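Novice: I'd like to ask some things about the structure below.
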Amino acid sequence: MLAPFVQGDIELDEALLARLAKFAPQAHPVEGSNGWIRFGSGDTRFVLWEVSAEFAYSTGLAAFVDQAGSPVKPPGWPYTEKELVSYAWNGAYLLAAWQYRGSRARLYRGGELVWSSDTAHAVTFWPQRRR
Numbered sequence: 010m011l012a013p014f015v016q017g018d019i020e021l022d023e024a025l026l027a028r029l030a031k032f033a034p035q036a037h038p039v040e041g042s043n044g045w046i047r048f049g050s051g052d053t054r055f056v057l058w059e060v061s062a063e064f065a066y067s068t069g070l071a072a073f074v075d076q077a078g079s080p081v082k083p084p085g086w087p088y089t090e091k092e093l094v095s096y097a098w099n100g101a102y103l104l105a106a107w108q109y110r111g112s113r114a115r116l117y118r119g120g121e122l123v124w125s126s127d128t129a130h131a132v133t134f135w136p137q138r139r140r
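As structure tokens, then:
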């Protein structure tokens, strides 16, 4: 299910946080509230900006982290820090889609865009068959 809530860890790497401050100067962390969340799979590092209200919500302010430890905007990224975005990993694949609707979907593997659609709705990962 796609929902704009990420199960990730608060990013604590000071060097990366300094780079993120330059990458997104509009993002101002607040202890116990807004901040950067580490969210990745395997060798792919990904961070996103989380805002808090009654609950914590994931936004479209996000970046892959390259080998040098620098944030890189995902290719073909249509989202902004003011939009709620749903994220899901399936193996090496990251699916990002707008809020609960699953529209404006982007699929990445290793930080590279492998599929996108601005017309599809309700995208999700299909459960894998057990072999």
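Residue numbers (the working numbering): 10 to 140.
Glycine is no exception: its CB is placed at the ideal position from the N, C-alpha and C atoms.
In this text, all values refer to a predicted model and were calculated from it rather than measured experimentally.
Between the Cα of Glu63 and those of Pro34, Ala77 and Asn43, spot the shortest distance and give me the residue it belongs to.
Specialist: Taking only the C-alpha atoms, the option nearest Glu63 is Asn43.
Novice: According to DSSP, Ser42 sits in a beta bridge with which residue or residues?
Specialist: Partner(s): none; Ser42 has no beta bridge.
Novice: What's the C-alpha gap between Trp45 and Phe134?
Specialist: Distance between the alpha carbons of Trp45 and Phe134: 25 Å.
Novice: Alpha carbon to alpha carbon, what distance is there between Ala12 and Arg154?
Specialist: Outside the displayed span of the chain (10 to 140) sits residue 154, for which this structure offers no information.
Novice: On the CB-based measure, 16 or more other CB atoms within 10 Å of its CB, does Thr68 come out buried or exposed?
Specialist: Buried, since its Cβ has 16 or more Cβ neighbours within 10 Å.
Novice: Please classify Tyr109 as buried or exposed, where buried requires at least 16 neighbouring CB atoms within 10 angstroms.
Specialist: Exposed, since its Cβ has fewer than 16 Cβ neighbours within 10 Å.
Novice: Should Leu122 be labelled buried (16 or more other beta-carbon atoms within 10 Å of its own) or exposed?
Specialist: With fewer than 16 other Cβ atoms within 10 Å, it is exposed.
Novice: Among the residues of its own chain, which have a CB less than 8 Å from the CB of Tyr66, if the five just before and after it don't count?
Specialist: The residues are Pro13, Phe14, Glu59, Val60 and Leu93.
Novice: Check whether the Cβ atoms of Gly100 and Thr53 sit closer than 8 Å, and answer yes or no.
Specialist: Contact flag unset, no.
Novice: Straight-line CA distance for Leu70 to Gln76?
Specialist: Approximately 20 Å between the Cα atoms of the pair.
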